[in-house]
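Below: one structure, written as C-alpha cells.
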Amino acid sequence: MDIRAVFIDMDGTLLTKKNEISKRNTEAIYMLINQGVKVFLATGRPFDITVPYHKQRRLQTTMICLNGAAIYDGHTGNLTRLPKRILSLQSCEG
C-alpha cells in the first residue's frame with residue numbers, strides 16, 4: 023500500500039501528558055516525511071495553540087484545527103477554504 027498522507031491527532035495521541043511531542047514521535051514524523059508522506063496535525067485545538075507544534079517540527083502541511091471547523095495554510099497561517107467541489111453534495115454521491 024502506498025501511503026501518501028498521515029493525519030495525527032494531538033491530545034492523547036501525539037502529545038505526552040506534559041503536552042510535548044516525544045523524541046520517538048518526532049523521529050516517526052521525520053521518517054514519514056523522508057519517505058515522501060505528508061504529515062498533518064488534526065486537532066480540536068485552536069490555531070494559536072496548534073501552530074507552535076507545527077513550526078517546531080517544520081511541517082509544511084495544512085493545519086486542521088477545531089475538529090475540522092478551521093483549516094489553516096501551513097505556510098502563511100491564513101484560514102483557508104475548501105474547494106467548492108469538495109464541499110458539493112455531488113462529490114459525495116457514489
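As numbered in our numbering, residues 23 to 116 make up the sequence shown, in order.
Ideal Cβ placement from N, Cα and C applies to all residues, glycine included.
Note that this is a predicted model, so its numbers are computed, not measured.
Best match in the options for proximity to residue i [C-alpha to C-alpha]
{"i": "Ala27", "options": "Leu37, Ala64 and Thr35", "result": "Ala64"}
{"i": "Asp24", "options": "Leu88, Arg67 and Gln57", "result": "Gln57"}
{"i": "Leu88", "options": "Lys45, Asp31, Arg67 and Lys77", "result": "Arg67"}
{"i": "Gln78", "options": "Lys45, Ala91 and Gly90", "result": "Lys45"}
{"i": "Ala91", "options": "Phe69, Ala50, Asn47 and Asn41", "result": "Phe69"}
Contacts around residue i, its chain only, beta-carbon distance under 7 Å, and the 5 residues preceding and following it disregarded
{"i": "Thr83", "result": "Lys60, Val61, Phe62 and Gly96"}
{"i": "Ile55", "result": "Val61"}
{"i": "Pro74", "result": "none"}
Cβ neighbour criterion (16 or more within 10 Å) applied to residue i
{"i": "Tyr94", "result": "buried"}
{"i": "Tyr52", "result": "exposed"}
{"i": "Leu101", "result": "exposed"}
Contact under 9 Å by Cβ, residue i with residue j
{"i": "Ile71", "j": "Phe29", "result": "no"}
Cβ shell of residue i (< 6 Å), same chain only, five flanking positions each side left out
{"i": "Thr98", "result": "none"}
Within the stretch 70-101, note down every full beta strand (DSSP E) run reaching 3 residues or more, in order along the chain. 85-87 and 92-94
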